[in-house]
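Residue numbers (my numbering): -5 to 161.
Positions of the beta carbon are idealized from the N, C-alpha and C atoms, including for glycine.
Being a predicted model, the structure only gives us computed values, none of them experimental.
Please read the structure below before turning to the comments.
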């Protein structure tokens, strides 16, 4: 068993899968008449709004695979964060990561986390930094939608759960 290759394959699959989940949620937001209101929700005054949380989740899908593969990640859009623009950004990230596979990931990643300069091996970078950050921002976006009254559940988040309506 090649655990390094297995890890890389899982990392690639996970980033691509949850980028797809992000697009599915944004597609649902885009069909709502109150989409702009939902994307402007902040869970707390000092937090990013839901739209920017979606943008950051997408960026971390790119950051999980781009830097280990020696690829630059498109900048996060900071203005005009409509559902359509966020879907376009997810598509940009998707174009970056779609051709990447386990053999494309290098050994080390030098990066910044806030104001910290870090040097991590790829496994630690992806599993302890990039993918958890993606999940964090996707969770915050999901929470913003729930807080705004949108009917979304765990099944919308992960695509695996199925729940029957309560009687």
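Between which residues of its own chain and residue i is the CB-CB distance below 6 Å, once the five residues before and five after are set aside?
i, result
"residue 182", "As displayed, the chain neither begins before -5 nor continues past 161, which places residue 182 out of reach and without an answer."
"residue 112", "105"
"residue 98", "63"
DSSP three-state label for residue i, please.
i, result
"residue 98", "helix"
"residue 106", "strand"
"residue 111", "strand"
"residue 157", "coil"
"residue 121", "helix"
"residue 66", "coil"
"residue 87", "helix"
"residue 2", "helix"
"residue 21", "helix"
"residue 92", "coil"
"residue 72", "coil"
"residue 7", "helix"
Just confirm the distance between the C-beta atoms of residue i and residue j, as a whole number of angstroms; I'd bet it's less than 8 Å.
i, j, result
"residue 139", "residue 23", "7 Å"
"residue 55", "residue 87", "5 Å"
"residue 94", "residue 6", "6 Å"
"residue 151", "residue 15", "7 Å"
Relative to the C-alpha of residue i, which residue among the options is closest?
i, options, result
"residue 103", "133, 61, 14", "61"
"residue 19", "160, 157, 134, 159", "134"
"residue 78", "107, 55, 17", "17"
"residue 59", "152, 146, 10", "10"
"residue 141", "37, 99, 86", "37"
"residue 107", "76, 92, 93, 126", "126"
"residue 122", "0, 148, 57, 136", "57"
"residue 21", "4, 48, 89", "48"
"residue 136", "8, 42, 1", "42"
"residue -1", "85, 96, 12, 155", "96"
Counting only the same chain and skipping the five closest in sequence on each side, list residues whose C-beta sits under 7 Å from that of residue i.
i, result
"residue 148", "155"
Counting Cβ pairs closer than 8 Å, one from the region 124 to 133 and one from the region 24 to 33, do we hit at least three?
no
Report yes or no: do three or more beta-carbon pairs, one from the region 115 to 129 and one from the region 31 to 42, lie closer than 8 Å?
no
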